[in-house]
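Undergrad: Same order as they appear, the protein sequences are chains W and E. First residue of the first sequence: 726, per the working numbering; consecutive thereafter. First residue of the second sequence: 726, per the working numbering; consecutive thereafter.
Number of protein chains: 2
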Amino acid sequence: MASSAWVEELSGERAALTRASTAGRVAEILRSRITEGRLPPGTRLSEEDIGVALGVSRNTLREAFRLLAHERLLVHEFNRGVFVRRLTVDDVHDLYRFRRLVEGGVLRTTSADAPLDDVRRAVEEGESAAAGGRWVDVGTANMRFHQAVAALAGSPRVEESMRHVLAELRLVFHVMAAPRTFHEPYLAENRRILDLLESGDVAGAAETLERYLTAAEAQLTEAYAATGC
Amino acid sequence: MASSAWVEELSGERAALTRASTAGRVAEILRSRITEGRLPPGTRLSEEDIGVALGVSRNTLREAFRLLAHERLLVHEFNRGVFVRRLTVDDVHDLYRFRRLVEGGVLRTTSADAPLDDVRRAVEEGESAAAGGRWVDVGTANMRFHQAVAALAGSPRVEESMRHVLAELRLVFHVMAAPRTFHEPYLAENRRILDLLESGDVAGAAETLERYLTAAEAQLTEAYAATGC
DNA sequence: GCATATTTGTCCGTATGTATA
DNA sequence: CTATACATACGGACAAATATG
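Here is the structure:
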């Protein structure tokens, strides 16, 4: 027992799970809790507590856990339970290497007539959010920017793997707080990449992105290591 | 009732699942059956039949199904059951696009001192298998070659996504049989890519690979479309 | 180090809803 | 349209592993 506060909050979500696959809906609820940082890395997810909080059986809940474990948002330790993933510095390094490979590769092979609307929209959203001081929205717009870049490949699989990678990275973003100082510097870079793409300089866009991802990684790992995770 | 032949064969595997996670082991058994082509695309996997054949409960089996569905080897149709994935021509196109992006990108960013041992081993295995007329082994060696190329990134995530992509592609390979005519032409290309890497010409290696992947895709989709899947 | 309590892993029976012959 | 087969989801049970005192 001794359900912590966030477990009790879950009861408010019970109304939301009345159609489609129960396990899938449970997974979605937990996924948003995790990516929004309300379930910090290392948190243990008790089958019993969450089951009663959401009003689903243990079997169903376990299916939801499997789904999230495959997305690497949870880790399943045999006979011990499931925990919100705690990323190591090596994980962060790997995620950025993956991003440089994929995002850079996508930009480099983008054709001149590729539809840049989503990319442009994400850049503008970020700029207007920054102008209004809505730093959390700046972060979301930044995520959307990179998702839109990946989407330029026109490949469902590329899009999906990017979605997973970005979701994983949120586990780190939320730990270090300070969304402003982390996301703000990259607004101008995003704009610059968009401009380069519109002028047809795909190689320049790719290089700019790869360089800035490397810088972001360094900034992130430094701050992350300082927290002692 | 009316368990088809392959379901009955499963009973022989029951001894294999006595340790570690039951669901994981069930998944592994089914995975090998699928990638080896013994469970052709479109096959329906009945919870009841397979459950009794392997001697596991439906709950456990469903967990195994989730694992394989996430690897895209099975598709889960809500309220209808799980089926061995049937790839469309669009899927094949997407898989090759992904491969060109990732494998090409990896080669292009390979450093001069990267360890090429695994790549070389795969090339040699393929050549000796071809010399001995073991065409199935030629196919496996070819898979290993591409897996080794992906491993040059030194990234667990890149390796894993490549593993999944190659497993998916096997669903198509097995449908069109004729392993010799499909894999043989690429032995020389693999050797050439290795040579280019050893001489430090990473751009040349990447270009060769990308071109040959495009050719392989065309050959595959043509033969695949002819089967009417 | 030991005994106990808790939690997970696995299985079973069953009720309900959904798809298909 | 009805009947049948099957998937979904629940709840209970017990052994085994783990955590706790």
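Virtual Cβ for every residue (Gly too), placed ideally from N, Cα, C.
Buried or exposed for residue 950(W), going by 16 or more other Cβ atoms inside 10 Å?
TA: Counting Cβ neighbours within 10 Å, residue 950(W) comes out exposed, since fewer than 16 surround it.
Undergrad: Going along chain E, which residues have a C-beta under 7 Å from residue 819(W)?
TA: Simply 880, 881 and 882.
Undergrad: CA-CA distance, residue 884(E) and residue 886(W)?
TA: Spanning the two alpha carbons is a distance of roughly 13 Å.
Undergrad: Can you list the residues of chain W that residue 788(E) reaches, using a CB-CB cut of under 8 Å?
TA: Near residue 788(E) (Cβ distances below 8 Å), the residues of chain W are 787, 788 and 791.
Undergrad: Mapping DSSP to helix, strand and coil, what is residue 808(W)?
TA: Here residue 808(W) sits in strand by DSSP.
Undergrad: Just mark residue 873(W) as buried or exposed, buried being the case when its beta carbon has 16 or more other beta carbons within 10 Å.
TA: It is buried - the Cβ of residue 873(W) has at least 16 other Cβ atoms within 10 Å.
Undergrad: Which partner residues of residue 800(E) appear in the DSSP bridge assignment?
TA: Answer is 808(E).
Undergrad: Using a Cβ-Cβ cut-off of less than 9 Å, list which residues of the segment 820–837 of chain W approach chain E; keep chain order.
TA: Of all residues in the segment 820–837 of chain W, 820, 822, 823, 825, 826, 827, 829, 830, 831, 833 and 834 have a Cβ within less than 9 Å of some Cβ in chain E.
Undergrad: In or out: residue 867(W) buried (at least 16 other Cβ within 10 Å) or exposed?
TA: With 16 or more Cβ atoms within 10 Å of its Cβ, residue 867(W) is classed as buried.
Undergrad: Which full runs of the beta strand (DSSP E) of 3+ residues lie inside the segment 836–884 of chain W, going along the chain?
TA: Complete beta strand (DSSP E) runs here, min 3: none at all.
Undergrad: Looking only at DSSP bridge pairs, what is residue 770(W) linked to?
TA: DSSP lists 807(W) as partners of residue 770(W).
Undergrad: If distances are taken between C-alpha atoms only, which option among 857(W), 830(W) and 947(W) comes closest to residue 823(E)?
TA: Considering only alpha carbons, the answer is 830(W).
Undergrad: Taking the beta carbon of residue 698(E) as the centre, do at least 16 other beta carbons fall within 10 Å, making it buried, or is it exposed?
TA: In this structure chain E extends from 726 to 954, so residue 698(E) is not present and cannot be described.
Undergrad: Helix, strand or coil: how does DSSP classify residue 746(W) here?
TA: In the structure shown, residue 746(W) sits in coil (DSSP, three-state: anything other than H, G, I, E or B).
Undergrad: Determine contact between the segment 845–858 of chain W and the segment 903–919 of chain W, defined as no fewer than three beta-carbon pairs at a distance below 8 Å.
TA: They touch, by the three-pair rule.
Undergrad: With a Cβ-Cβ cutoff of 9 Å, do residue 759(E) and residue 809(E) count as a contact?
TA: Cβ distance < 9 Å, so residue 759(E) and residue 809(E) count as in contact.
Undergrad: Give the DSSP-derived three-state secondary structure of residue 891(E) in the structure shown.
TA: Helix.
Undergrad: Counting only beta-carbon separations shorter than 9 Å, does residue 890(E) have a partner in chain W?
TA: So, interface residue.
Undergrad: Which word fits residue 815(E), buried or exposed, when buried means at least 16 other C-beta atoms lie within 10 angstroms of its C-beta?
TA: So residue 815(E) counts as exposed.
Undergrad: Locate the alpha helix (DSSP H) running through residue 923(W), then write down its first and last residues.
TA: Start and end: 910–923.
Undergrad: Residues of the segment 861–874 of chain W in Cβ contact with chain E at a cutoff of 7 Å, in chain order, please.
TA: Under the 7 Å Cβ criterion, the segment 861–874 of chain W contributes no residue.
Undergrad: With H, G and I counted as helix, E and B as strand and the rest as coil, what does DSSP make of residue 778(W)?
TA: Three-state DSSP puts residue 778(W) in a helix.
Undergrad: What's the C-alpha gap between residue 919(E) and residue 828(E)?
TA: About 13 Å.
Undergrad: Comparing the C-beta of residue 803(E) with each C-beta of chain W, is any distance below 9 Å?
TA: Yes, its Cβ sits closer than 9 Å to a Cβ of chain W.
Undergrad: Do residue 1002(E) and residue 769(E) have their CB atoms nearer than 9 Å?
TA: Nothing about residue 1002(E) can be read from this structure; chain E reaches only from 726 to 954.
Undergrad: Would you verify that the beta carbon of residue 915(W) is, or is not, closer than 9 Å to some beta carbon of chain E?
TA: No, its Cβ sits nowhere closer than 9 Å to a Cβ of chain E.
Undergrad: For residue 931(E), which residues of its own chain have a beta-carbon under 7 Å away from its beta-carbon, when the five flanking residues on both sides are left out?
TA: So the list reads 829, 832 and 833, once near-sequence residues are dropped.
Undergrad: For the alpha helix (DSSP H) containing residue 939(E), name the first residue and the last one.
TA: Start and end: 927–952.
Undergrad: Could you check what DSSP says for residue 903(E) in three-state terms: helix, strand or coil?
TA: Here residue 903(E) sits in coil by DSSP.
Undergrad: Within its chain, find whatever has a CB closer than 6 Å to the CB of residue 860(E); leave out the 5 residues flanking it on each side and keep chain order.
TA: Closer than 6 Å at Cβ, skipping near neighbours: 904 and 905.
Undergrad: At what residues does the alpha helix (DSSP H) containing residue 786(E) begin and finish?
TA: Per DSSP, residue 786(E) belongs to the alpha helix (DSSP H) from 783–795.
Undergrad: If you draw a straight line from the C-alpha of residue 839(W) to the C-alpha of residue 818(E), how long is it?
TA: Their backbone Cα atoms lie some 18 Å apart in a straight line.
Undergrad: For residue 924(W), does the count of other Cβ atoms within 10 angstroms reach 16, so buried, or fall short, so exposed?
TA: Looking at its Cβ environment, which holds fewer than 16 other Cβ atoms inside 10 Å, residue 924(W) is exposed.
Undergrad: When you compare the CB of residue 853(W) with every CB in chain E, is at least one pair closer than 9 Å?
TA: Not one chain E Cβ lies under 9 Å of residue 853(W).
Undergrad: Using DSSP with H/G/I as helix, E/B as strand and the rest coil, what is residue 753(E)?
TA: Here residue 753(E) sits in helix by DSSP.
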